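One structure below.
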Amino acid sequence: MDHFILLVWHALLVAVFFAFLWRSDARGRKALFLKTFLIMVVGAFVLGWLMFPFP
Amino acid sequence: MTADKTKRKDAEAKAAADTTPKPVSKLLILVAWLVPGLGHWLLGKRVRAGVFAAIILAAFITGVLLKGELAVPQQNSPLSWFFAFGCLGNGVLYFLRLIWINGLDGLQSSLFPYGLHGGGDPVSAGFFYGKTFLYTAGLMNLLVVLDVHDIARGDKS
Numbered sequence: 008m009d010h011f012i013l014l015v016w017h018a019l020l021v022a023v024f025f026a027f028l029w030r031s032d033a034r035g036r037k038a039l040f041l042k043t044f045l046i047m048v049v050g051a052f053v054l055g056w057l058m059f060p061f062p
Numbered sequence: 249m250t251a252d253k254t255k256r257k258d259a260e261a262k263a264a265a266d267t268t269p270k271p272v273s274k275l276l277i278l279v280a281w282l283v284p285g286l287g288h289w290l291l292g293k294r295v296r297a298g299v300f301a302a303i304i305l306a307a308f309i310t311g312v313l314l315k316g317e318l319a320v321p322q323q324n325s326p327l328s329w330f331f332a333f334g335c336l337g338n339g340v341l342y343f344l345r346l347i348w349i350n351g352l353d354g355l356q357s358s359l360f361p362y363g364l365h366g367g368g369d370p371v372s373a374g375f376f377y378g379k380t381f382l383y384t385a386g387l388m389n390l391l392v393v394l395d396v397h398d399i400a401r402g403d404k405s
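Protein chains in written order, with my numbering: chain A, 8 to 62; chain B, 249 to 405.
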């Protein structure tokens with residue numbers, strides 16, 4: 008089981024969900040999806056690396 | 249002059265009527281909670297209904313496949329009600345999963361709502377990931393219910 012794939016899958020579901028919940032036009036949905044998806048995936052990746060030196 | 253006043257009063261009355269929230273059917277809210285996406289479907293928001301249903305179902309199934317545990321109320325643990333409420337957001341999916349795990353006899357136990365098993369396998373590598381997916385699905389459906397309420401009330405299109 009790849010933890011990163013699960014992270015991406017979770018981020019994908021949540022990002023699509025909020026894009027449809029909070030935006031009603033296609034352009035707005037696309038922008039919000041990309042923003043939330045990237046924040047979750049890249050943010051988790053960066054946080055993971057920042058935590059790496061700590062025990 | 250009088251005609252102008254009457255027109256203005258009519259316009260004000262119309263504006264007030266437009267901003268007055270519409271009454272929301274409790275049955276609609278109940279249905280929206282029990283079946284993810286059905287509330288939007290009944291309000292004519294077919295695309296959103298399909299997307300929400302697919303996402304919540306996908307998250308729930310992923311959680312089950314990862315052997316995650318559904319939160320159930322536990323005796324002497326008030327916080328467990330908080331988690332159970334989050335999972336209860338899954339509506340009928342929550343009850344079906346609990347029946348799948350405990351059987352109908354478990355739901356009819358004298359200890360109800362305590363004594364239920366939430367499933368999952370704590371030894372499995374996906375246990376906590378599965379729980380996350382199950383909780384996320386429940387919380388997303390609760391947000392969907394609030395959205396249905398806002399649309400039915402006229403606060404949102």
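Don't be surprised by glycine CBs; every beta carbon is placed ideally from N, CA and C. Just so it is clear, the structure is predicted and the values come from calculations on it, not from any experiment.
**OP:** May I ask you to verify whether the stretch 372–381 of chain B touches the stretch 350–364 of chain B, counting CB pairs closer than 8 Å and requiring at least 3?
**Re:** no
Subject >> Under the three-state DSSP convention, the category B/S357 falls into >> reply: coil
Original post:
Residue range of the alpha helix (DSSP H) that B/Y377 falls in?
Top reply: F375 to R401
Subject >> Of the listed residues B/G287, B/T268 and B/I309, nearest to B/L318 (C-alpha basis) >> reply: B/I309
Original post:
CB-CB under 6 Å to B/R296, same chain, minus the five flanking residues each way: which ones, in chain order?
Top reply: Closer than 6 Å at Cβ, skipping near neighbours: H288.
Original post:
Name the chain B residues whose beta carbon is nearer than 8 Å to that of A/W16?
Top reply: T310
Original post:
Closest to B/D398 by CA distance: which of B/L364, B/V320, B/P269 and B/V340 is it?
Top reply: B/P269
Subject >> Short Cβ contact (8 Å threshold) for A/T43 with A/F27 >> reply: Contact: no.
**OP:** Determine the burial state of B/F381: buried for a count of at least 16 other Cβ atoms within 10 Å of its Cβ, exposed for fewer.
**Re:** So B/F381 counts as buried.
Original post:
For the alpha helix (DSSP H) that contains B/P326, what are its first and last residues?
Top reply: Here the alpha helix (DSSP H) through B/P326 covers P326 to L336.
**OP:** Taking only beta-carbon positions, decide if A/F11 is within less than 8 Å of chain B.
**Re:** no
Subject >> the stretch 373–390 of chain B: positions lying closer than 8 Å to chain A by Cβ >> reply: Of all residues in the stretch 373–390 of chain B, those with a C-beta nearer than 8 Å to a C-beta of chain A are A373, G374, Y377, T380, F381, T384 and M388, reading in chain order.
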